[in-house]
Amino acid sequence: RQYTDTLSDVTTSLAKSLVPGESTSVSTGDVELVTEKQYTDSMKTTATTFKINSTDSSSSSNKPVPSFTVSPNVFNTSNFTGVEILTTEFYKMNVNIFSFAEKNTTSKSGPESEIVALSFKNDDGSEIKVNGSAPIEITIPMKEDTTSTIPTSSPTSAPTAPGGNAVNYTRQCRYFDESRNEWSNEGCTVKEVHSTRTVCTCTHLTAFSSADVDSSIEESSNGGSGGGSG
490 RQYTDTLSDV TTSLAKSLVP GESTSVSTGD VELVTEKQYT DSMKTTATTF
540 KINSTDSSSS SNKPVPSFTV SPNVFNTSNF TGVEILTTEF YKMNVNIFSF
590 AEKNTTSKSG PESEIVALSF KNDDGSEIKV NGSAPIEITI PMKEDTTSTI
640 PTSSPTSAPT APGGNAVNYT RQCRYFDESR NEWSNEGCTV KEVHSTRTVC
690 TCTHLTAFSS ADVDSSIEES SNGGSGGGSG
């Protein structure tokens, strides 16, 4: 929590020197932070995409770009009433600052993604909450190509055999639940699965990641029960 609070303080400081339409970025190698200030009028009529274009010259031009596409419905809620100028904080991490949460998560994970987060702030630095107003589409790059784990020809899961043992991995979208100090997939669904990225839809904003989860362990942790009728 201290790390994310520090990023928030940096955003508030950087935003003071920005005018609407301007952005600035800070990179430490493992973390990239983009702070932007915008007018909200166009956001209330057209879907808005926020993304980070890597400043790392060694990065491949084919590497997926993390992004959040936010519906106008989000900006037409009461939380944004009277908000004409918005500061956005968008960061991505290659280092997992929430690694302790893996110990609290039952599912065994295979290859994982970068961590991405987006938040909206008022001029005074206070956060504007977004929760349940409309689905938000999130593109999360994987840290490594996962073709051997989940081929793009199989949109949800595929068998692999690390160590000679067949395992059925399923891609999962998840967010960091601060109240429980663990990753959770509640309120998030997988829209698209690719070897280098995952497209998720979630109904709130916080820190997100995706991982290839051992389906057998996931089902065991849920008591072996399947989904509902439909």
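Numbering (the working numbering) for the sequence shown: 490 to 719. Note that the Cβ used here is the ideal one computed from N, Cα and C, for glycine as well.
Check                                                                                                                                            : Outcome
Look up SER684 in the DSSP assignment and say whether it is helix, strand or coil.                                                               : coil
Helix, strand or coil: which one does DSSP assign to LEU496?                                                                                     : helix
Among residues of its own chain, excluding the 5 on either side of ALA536, which ones have a beta-carbon nearer than 6 Å to its beta-carbon?     : THR558 and SER560
Do you know whose CA, among THR570, PHE609 and ASN583, lies nearest PRO555's CA?                                                                 : ASN583
Ignore the nearest five residues each way along the sequence and tell me which others in SER497's own chain have a CB closer than 7 Å to its CB. : GLU578
Taking the straight line between their C-alpha atoms, what separation do you get for ASP666 and SER673?                                          : 6 Å
On the three-state DSSP scale, how would you describe VAL584?                                                                                    : coil
From the DSSP output, in three-state form, read off PRO480 for me.                                                                               : This structure leaves residue 480 out entirely; the chain is present only between 490 and 719.
Taking the C-alpha atoms as reference points, what is the distance between ILE617 and THR500?                                                    : 14 Å
Inspect the beta-carbon positions of GLU538 and VAL572 and report whether they are closer than 8 Å.                                              : The question names Glu, but residue 538 is Thr in the sequence shown. For THR538 and VAL572, no; Cβs fall outside 8 Å.
For ASN568, which three-state DSSP category applies?                                                                                             : helix
DSSP three-state label for VAL702, please.                                                                                                       : strand
Hey, ALA700 and SER602: beta-carbon distance below 8 Å or not?                                                                                   : yes
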